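Trainee: Structure incoming, see below.
Residue numbers (UniProt numbering): 1 to 1234.
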């Protein structure tokens, strides 16, 4: 007895491997107790027993084996590392347990297999069980089939991949052992319960007796709804919430609880593909072109039989076959042949499904045109053909052909095309049928809705009604204008009758549910459908934002951040692999995710195809694009060795970029892999499309720089060639939206490469750039070898005279960013008066070119050289750069002061050239030229007083151009006009008063203080000895009075000599009678006195003239509506506090440390620092009016901002402390103003 209990002194691990079976039994029992007591699923204790699992399963003693299986079951249920044991444990279960004589052993083996499925190791479980069906022992085979049947019944086909299983069914149903056949029959019935008639094609090889038996069994379960009774771990928490919500919502019908239920299986997916191309006779091409229609029909009959017997086709080049069939459909004179050819075309399209896409667009137009045929058999075949072809393509791809067919003169073509469009809409979701497509189709369907032919009207109403069913009445109503009630009723009837064939995304309304208290002692047993109460480490949980105070600032910050995307690509935090896996598992089925990385290319292909299908059902808000891109690049990712799979992955990248909002982070994770695929001719087109889609989703500039940097950092010349070719095409599609200096370093590497193909591609790309940049492009290649320069010049000459194409991509994103820019730039009252930018023709299509790199010290020296010829050449050189660029940045480096001196050059030709240059600069800069007004305008005025008429005319023309671009109001700043009038010659005063007399009456607002400064000179010039000065000054009195009022002018008369007061007052009285009844713009004082009720105007600080309007609270208008009668100015007033008290300062410091934002460290502030600070302020909720003053071009507004902050410090010190870093950063920017 003492010898028997000696093993009790050993550790549990040692007892589990003891040679005595009693010791092992004791060890297994103790291990089971330990497994039940470990609270943390990630505890290191689990690792001690990791190697013992298989030994417990394959124990030679039956009693010990049973105890070991119980311990293994508890281990798998509670341990996070149990998944590592699935392969060896399942292999042991198959060989030693499923055919065991003891019933409990077999039951435990089944429970262990199902528990592995629950922890989401179903692929390995099913793989081992399928291997078991190939064993010679029929007991093992039947046991494995029984477990697989249980797995399908409990977890459903969303978890269990039945495709490999279905292929084994015919062989197992014909097994010589009756038990195996019976178990297989039970499993077949269970599979039928889930997928229905999709199983039937797989059973055609069985004997008629077997088929009859199965069909009788199928009848018993026909119509029975298959619902899973057990869920994998990732589904359990979600399912528990759904159940709780269903219990709380008494009116619910409980349908939401069917998550993981039946899944529509396409029988096509279960079929074996067949190669029909090899079965075609060698003289097939000759026979289809035979003169006798009977011979043509005979060859088509043979093809039709092959297609009917083999509904799934193997991959191959079907181009010749499709072209021959299309020719017969569109050109053959015999209707029987036409109908049969259309039927065969439908069979090929149905057999290839998505793989028919290369031939789809070439066929659709001809088939739709053929609907003019009146023979019903032909029309029916054509309908089948176009429906089969549509599966392989998209609405967008066939849009032009469909619209052309709807505009056809033949009513039959119109009617059938509208009916086809209605059928297409039934397969669409709101994401597929987007506003762009909806608008295009609705416009042409509204025309056909008014046709005289009743069939055309009916089918048009049906199409519109189906579209309404897809997007909702609210989504389509903006496009259904001017429709009478009868037609609208018809459309709504069609909407009610329409039956959509795809699952529409659900709009889930979350209801607050009280947390249900569960008894602490209710621990679920093994195999329970309830979530396991395993304690998980705190670090794995996702921290949720606290409710209450923190919620409001976060919401405000997010809304502000969305509004602050000014000309910047969206950036997000990079997800960790764990985060990606967690999010992906919550959306995609586990078999798909594992299939993406499977070693078998066919499994990968099926997984990527499934990924494509699921993409179409996801809303952009449901799945982050970064997660989707990370999933599709899962190893082997875009570097997949199978070209078919790689192409599909690239297509997935394109689809994600076109459907979901993509950030720089998302682009960065795939862009180099996509670029690498450009080198393979078979994936080249797909890779180029993916890069274009990524560029359109973010910015071409970012994608281009990333791709070029990668291409010239690796050694494969094919990648470099194709990257340059793609970028050339992209620039022609997007316009020059790339800063040349960002890509020129790599372009230089291309044109100077050793490989001749790379050099040629580089020179060709330079030629494309020359269309947009002109002769200034050659400045980047100064110092290169003469032979290269000659080659570049020859390429540029090929494009001489070409004008840049209008961009066809990126327009939507640019217009959206432009609207954001407009909101920010118009935040101040003064900017309201700025005129709309002029249309610059082609310049509007271009990215503004930065000329500052060309404004070198050498150029500045030439522009100020003593030799007038050198100065003239420098002015002409700059003129050429501006003319070639067409659209430039306002940054001219050190050039403006030196160029301003040329405006008054002693050489009149240079002065005239400088004026013409400045006029070109204004046109090229657009509104941005206002920052140079203070530098150039005084000298413009001096040119206006030149003795030579042609200089004066050039100066006036230049001033008018600048005024048209940046607003005439900018000229009335710093008393520039008053100073010119005081010190100018009679010629200048004559010209300037004449110009003011013309412009002032048409100007909305002019700073009153500026006009008051001009009054003494005006009244003196009214009595000037020069007749022209007197005349023009008298004419200018009315314009000045319109902006200053009569009072200041009348008061100023007291300072005149007594003899002059009378005549001047007479002129004033005369002008007073000519004042318009309604002034152009009310002054601020008038606005304050006669302002709307409920508003109060508060001065922002001592000595400040700025005011912020504080309004009483008003009901918030519905989203998307605009209150009637409100002016633009009133809509843009920000009534929020100047600064928000929030906790974002720490986050800003953290972001700066992690280099997520730029470090505030510079010698001269660049534009990106200013833009970043604006974005940070908007995110922090700083008042938009305050931001407008802080970043205004005029220093007076900076003083107003300081006044308002000073006053706010008294009442809101906490908010200033919370935003102190932002204020100090802004002050550092102001230090550089001097």
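Ideal Cβ positions, reconstructed from N, Cα and C, are used throughout, including at glycine.
The structure presented is a predicted model; accordingly, all values stated were derived computationally and were not measured.
#1: Check the C-beta distance from residue 185 over to residue 154 and give it rounded, since I have them as a contact under 8 Å.
#2: Between residue 1012 and residue 1067, is the Cβ-Cβ spacing less than 8 Å?
#3: Under DSSP, the alpha helix (DSSP H) around residue 15 begins and ends at which residues?
#4: Please classify residue 1064 as buried or exposed, where buried requires at least 16 neighbouring CB atoms within 10 angstroms.
#5: Would you call the segment 174–188 and the segment 608–617 touching, i.e. three or more CB-CB distances under 8 Å?
#6: Check whether the segment 140–149 and the segment 577–594 are in contact - that is, three or more C-beta pairs closer than 8 Å.
#7: On the three-state DSSP scale, how would you describe residue 888?
#8: On the premise that residue 1074 lies in contact with residue 1235, defined as a C-beta separation below 8 Å, what is that separation, rounded to the nearest angstrom?
#9: Can you give the Cα-Cα distance for residue 474 and residue 693, rounded to whole angstroms?
#10: What do you reckon, are the CB atoms on residue 117 and residue 189 nearer than 8 Å?
#11: Within 10 angstroms of its Cβ, does residue 79 collect 16 or more other Cβ (buried), or is it exposed?
#12: Report all residues from its chain with a CB closer than 8 Å to the CB of residue 548; omit the five preceding and five following residues, and keep chain order.
#13: For residue 206, does the three-state DSSP call read helix, strand or coil?
#14: For residue 1078, which residues in the same chain have their Cβ closer than 7 Å to its Cβ, ignoring the five residues on either side in sequence?
#15: Here's a check: name, in chain order, each residue in its chain whose Cβ is nearer than 8 Å to the Cβ of residue 416, leaving out the five neighbours to either side.
#16: Measure from the C-beta of residue 416 to each C-beta in chain B and report whether the shortest distance is under 8 Å.
#17: Of all the options 989, 1205, 494, 472, which has the alpha carbon lying nearest to the alpha carbon of residue 1252?
#18: Look up residue 670 in the DSSP assignment and say whether it is helix, strand or coil.
#19: Could you spell out where the alpha helix (DSSP H) holding residue 593 opens and where it closes?
#20: Do residue 424 and residue 445 have their C-beta atoms closer together than 8 Å?
#21: Less than 8 Å between the CB atoms is what I'm expecting for residue 504 and residue 429, so what's the real figure, rounded?
#22: Cβ of residue 933 within 8 Å of Cβ of residue 896?
#23: If you draw a straight line from the alpha carbon of residue 1008 to that of residue 941, how long is it in whole angstroms?
#24: Which residues does DSSP pair with residue 274 in a beta bridge?
#25: List in chain order: all unbroken alpha helix (DSSP H) runs of 4+ residues lying wholly within the segment 676–717.
#26: Look up residue 849 in the DSSP assignment and say whether it is helix, strand or coil.
#27: For residue 907 versus residue 950, is the C-beta spacing smaller than 8 Å?
#28: Whose CA, out of 618, 992, 365, lies closest to the CA of residue 946?
#29: Can you give the Cα-Cα distance for residue 101 and residue 93, rounded to whole angstroms?
#30: Buried or exposed: which applies to residue 1230, given that a residue is buried once 16 or more other Cβ atoms fall within 10 Å of its Cβ?
#31: With residue 466 and residue 498 assumed to form a contact (beta carbons below 8 Å), what rounded beta-carbon distance in angstroms separates them?
#32: Please state whether the Cβ-Cβ distance between residue 1218 and residue 1154 is less than 8 Å.
#33: Taking residue 454 as the reference, give the member of 420, 646, 443, 490 with the closest Cα.
#34: If you follow the alpha helix (DSSP H) that residue 968 is in, where does it begin and where does it stop?
#35: Pick helix, strand or coil for residue 332, following the three-state DSSP scheme.
#36: Report the option in 705, 701, 649 whose CA atom is closest to the CA atom of residue 738.
Mentor: Reading it off the structure:
#1: If you number the chain shown from 1, residue 185 lands on position 185. If you number the chain shown from 1, residue 154 lands on position 154. With a Cβ gap of about 19 Å, residue 185 and residue 154 do not count as contacting.
#2: Within the chain shown, the letter at position 1012 stands for residue 1012. Within the chain shown, the letter at position 1067 stands for residue 1067. With a cutoff of 8 Å on beta-carbon distance, residue 1012 and residue 1067 are scored as not near each other.
#3: Within the chain shown, the letter at position 15 stands for residue 15. Its alpha helix (DSSP H) spans residues 12–16.
#4: Taking the chain shown and counting its residues from 1, the one referred to as residue 1064 is at position 1064. With 16 or more Cβ atoms within 10 Å of its Cβ, residue 1064 is classed as buried.
#5: Proximity of the segment 174–188 to the segment 608–617 falls short of the contact definition, fewer than three beta-carbon pairs being nearer than 8 Å.
#6: Below 8 Å, too few C-beta pairs join the segment 140–149 and the segment 577–594 to call them touching: fewer than three.
#7: For this step, residue 888 is matched to residue 888 along the chain shown. Reduced to three states, the DSSP call for residue 888 is strand.
#8: Any answer about residue 1235 is impossible in this case: the structure gives the chain only from 1 up to 1234.
#9: As a position in the chain shown, residue 474 is number 474, starting the count at 1. As a position in the chain shown, residue 693 is number 693, starting the count at 1. Taking the straight line from one Cα to the other gives about 29 Å.
#10: Reading the chain shown from its first residue, position 117 is the one you call residue 117. Reading the chain shown from its first residue, position 189 is the one you call residue 189. Contact flag unset, no.
#11: In the chain shown, residue 79 corresponds to position 79, counting from 1. Counting Cβ neighbours within 10 Å, residue 79 comes out buried, since at least 16 surround it.
#12: Here the question's residue 548 lines up with position 548 in the chain shown. Below a pLDDT of 50, predicted positions are generally treated as unreliable, and residue 548, at 37, falls in that range; the measurement from the model is reported next regardless. Result list for residue 548: empty, nothing under 8 Å.
#13: In the chain shown, counting from the first residue as 1, residue 206 sits at position 206. In the three-state scheme derived from DSSP, where H, G and I count as helix and E and B as strand, residue 206 is classed as coil.
#14: One-based indexing of the chain shown puts residue 1078 at position 1078. Low per-residue confidence applies at residue 1078: pLDDT is 49, beneath 50, and the placement is therefore not dependable, though the value from the model is reported in the following sentence. Within the same chain, residue 1078 has no close Cβ partners at all.
#15: Locating residue 416 in the chain shown gives position 416, counting from the first residue. The beta carbon of residue 416 lies closer than 8 Å to those of 368, 371, 379, 382, 383, 459 in the same chain, with the five residues before and after it left out.
#16: Absence of chain B from the displayed structure is noted, only one protein chain being present.
#17: Because residue 1252 is not part of the residues shown, which for the chain are 1 to 1234, the question remains open.
#18: Counting from one through the chain shown, the residue named residue 670 turns up at place 670. Residue 670 falls in the helix class under three-state DSSP.
#19: Counting from one through the chain shown, the residue named residue 593 turns up at place 593. Residue 593 -> alpha helix (DSSP H) spans 590–596.
#20: Here residue 424 refers to the residue found at position 424 of the chain shown. Here residue 445 refers to the residue found at position 445 of the chain shown. For residue 424 and residue 445, no; Cβs fall outside 8 Å.
#21: Here residue 504 is taken as the residue at index 504 of the chain shown, counted from 1. Here residue 429 is taken as the residue at index 429 of the chain shown, counted from 1. With a Cβ gap of about 6 Å, residue 504 and residue 429 count as contacting.
#22: By 1-based counting over the chain shown, the position of residue 933 is 933. By 1-based counting over the chain shown, the position of residue 896 is 896. Taking a C-beta distance under 8 Å as the contact criterion, residue 933 and residue 896 do not qualify as a contact pair.
#23: Here the question's residue 1008 lines up with position 1008 in the chain shown. Here the question's residue 941 lines up with position 941 in the chain shown. Distance from the CA of residue 1008 to the CA of residue 941, rounded to the nearest whole angstrom, comes to 21 Å.
#24: For the purposes of this step, residue 274 is taken as residue 274 along the chain shown, with counting starting at 1. Residue pairing by DSSP places residue 274 opposite 313 in a beta bridge.
#25: Listed in chain order, they are 684–697, 700–711.
#26: Counting from one through the chain shown, the residue named residue 849 turns up at place 849. Residue 849 falls in the strand class under three-state DSSP.
#27: On the chain shown, residue 907 is found 907 positions in, with the first residue counted as 1. On the chain shown, residue 950 is found 950 positions in, with the first residue counted as 1. Judged by their CB atoms, residue 907 and residue 950 are not nearer to each other than the 8 Å cut-off.
#28: Working through the chain shown from its first residue, we reach residue 946 at position 946. Relative to residue 946, the option among 618, 992, 365 whose CA is nearest is 992.
#29: Along the chain shown, read from residue 1 onward, the residue named residue 101 stands at position 101. Along the chain shown, read from residue 1 onward, the residue named residue 93 stands at position 93. Rounded to the nearest angstrom, the gap between the Cα atoms of residue 101 and residue 93 is 13 Å.
#30: In the chain shown, the residue the question calls residue 1230 occupies position 1230. Classification of residue 1230: exposed, given that the 10 Å Cβ count is below 16.
#31: As a position in the chain shown, residue 466 is number 466, starting the count at 1. As a position in the chain shown, residue 498 is number 498, starting the count at 1. 4 Å between Cβ atoms; contact.
#32: In the chain shown, counting from the first residue as 1, residue 1218 sits at position 1218. In the chain shown, counting from the first residue as 1, residue 1154 sits at position 1154. Not in contact: residue 1218 and residue 1154 (Cβ atoms no closer than 8 Å).
#33: The count along the chain shown starts at 1 and reaches residue 454 at position 454. The closest CA to that of residue 454, considering only 420, 646, 443, 490, is found on 490.
#34: Along the chain shown, one-based indexing puts residue 968 at 968. In the DSSP annotation of this structure, residue 968 is not part of any alpha helix (DSSP H), being labelled neither H nor E.
#35: As a working mapping, residue 332 is identified with position 332 in the chain shown. Note: residue 332 maps to coil in three-state DSSP.
#36: Looking up residue 738 in the chain shown gives position 738. In terms of Cα proximity to residue 738, the closest of 705, 701, 649 is 701.
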